[in-house]
């Protein structure tokens, strides 16, 4: 048995043991089996249409779900806030894949590289993981394109955005991101990944930095859009 097959077999065995010792329960209805069961997934309406978006920084944006769905907001809350349901990232990423495959013209991201929106180190320490990076990892597997999580960094925390206007949010995140030293985005086609897109201030600021570093094209991809 070659090393790749052995590694795959070991991974499956570990999963079987883990599922036996630590069974999964739906975060919403507590049904055993998955962190987001099929019945609860069915309540989430995945968009089958592409809502075109463009800005100076982003060429387009793909989003699977309307963020105004209160049921979905509850799921995102469990993902991002204590006690943190990191494991639900796979189920949430499947919503994006379902959306992309349901479109009349499924986008081709061959030649793209995934870049997750980074967290500040203090936020990362508090949460223990970067939700955008977790989504990016699963998208990388599904789309079979590479992910580069080390080219963009968040250098300072912005003030809370919730009470700010669209313009104020854009000002608030200005200067919060920069390229990692020794990296560049020259001629790269980038899928910029995050969990939620509201006013777009954060994603557009990240895209601006990547564009200044030479990115050829930047497309946003999120689970939900407000």
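In the numbering used here, the protein residues as written are 446 to 671.
Built from N, CA and C at the ideal position, the CB exists for glycine as well.
Every value quoted in this text rests on a predicted model; they were computed, and no experiment measured them.
Residue i versus residue j - alpha carbon distance
i: residue 558; j: residue 614; result: 27 Å
i: residue 399; j: residue 506; result: Outside the modelled stretch of the chain, which goes from 446 to 671, sits residue 399, for which no answer is possible.
i: residue 476; j: residue 517; result: 17 Å
i: residue 489; j: residue 658; result: 37 Å
i: residue 543; j: residue 508; result: 11 Å
i: residue 616; j: residue 589; result: 36 Å
i: residue 605; j: residue 525; result: 15 Å
i: residue 512; j: residue 553; result: 25 Å
i: residue 572; j: residue 523; result: 12 Å
i: residue 633; j: residue 478; result: 40 Å
i: residue 611; j: residue 653; result: 17 Å
i: residue 446; j: residue 521; result: With a pLDDT of 48 at residue 446, under the threshold of 50, the predicted position of this residue should be treated as unreliable, though the coordinate-derived value follows. The alpha-carbon atoms of residue 446 and residue 521 are separated by roughly 41 Å.
i: residue 486; j: residue 468; result: 19 Å
i: residue 595; j: residue 661; result: 18 Å
i: residue 574; j: residue 546; result: 28 Å
i: residue 555; j: residue 593; result: 15 Å
Residues bridged to residue i (per DSSP)
i: residue 662; result: 634
i: residue 639; result: 667
i: residue 624; result: 597
i: residue 508; result: 667
i: residue 602; result: BP columns for residue 602 are empty, so no partner.
Within-8 Å CB hit, residue i to chain B
i: residue 566; result: Protein chain content of the structure displayed is limited to a single chain, and chain B is not contained in it.
CB-CB length for residue i against residue j, believed under 8 Å
i: residue 584; j: residue 530; result: Rounded, the Cβ-Cβ distance is 18 Å, inconsistent with contact.
i: residue 537; j: residue 580; result: 7 Å
i: residue 562; j: residue 639; result: 4 Å
i: residue 540; j: residue 668; result: 6 Å
i: residue 663; j: residue 655; result: 6 Å
Could you check whether the segment 563 to 576 touches the segment 596 to 605, counting it as contact only if at least three pairs of C-beta atoms, one from each stretch, sit closer than 8 Å? yes
Just list the beta strand (DSSP E) runs in the segment 510 to 593, keeping only unbroken ones of 3 residues or longer that don't cross its boundaries, in chain order. 557 to 561
Is it true that the segment 467 to 483 meets the segment 626 to 644, where meeting means three or more beta-carbon pairs spaced less than 8 Å apart? no
Do the segment 489 to 506 and the segment 630 to 649 make contact, defined as three or more Cβ pairs closer than 8 Å? yes
Counting only runs that start and end within the segment 465 to 497, where is the alpha helix (DSSP H) found for 4 or more residues in a row? 483 to 488
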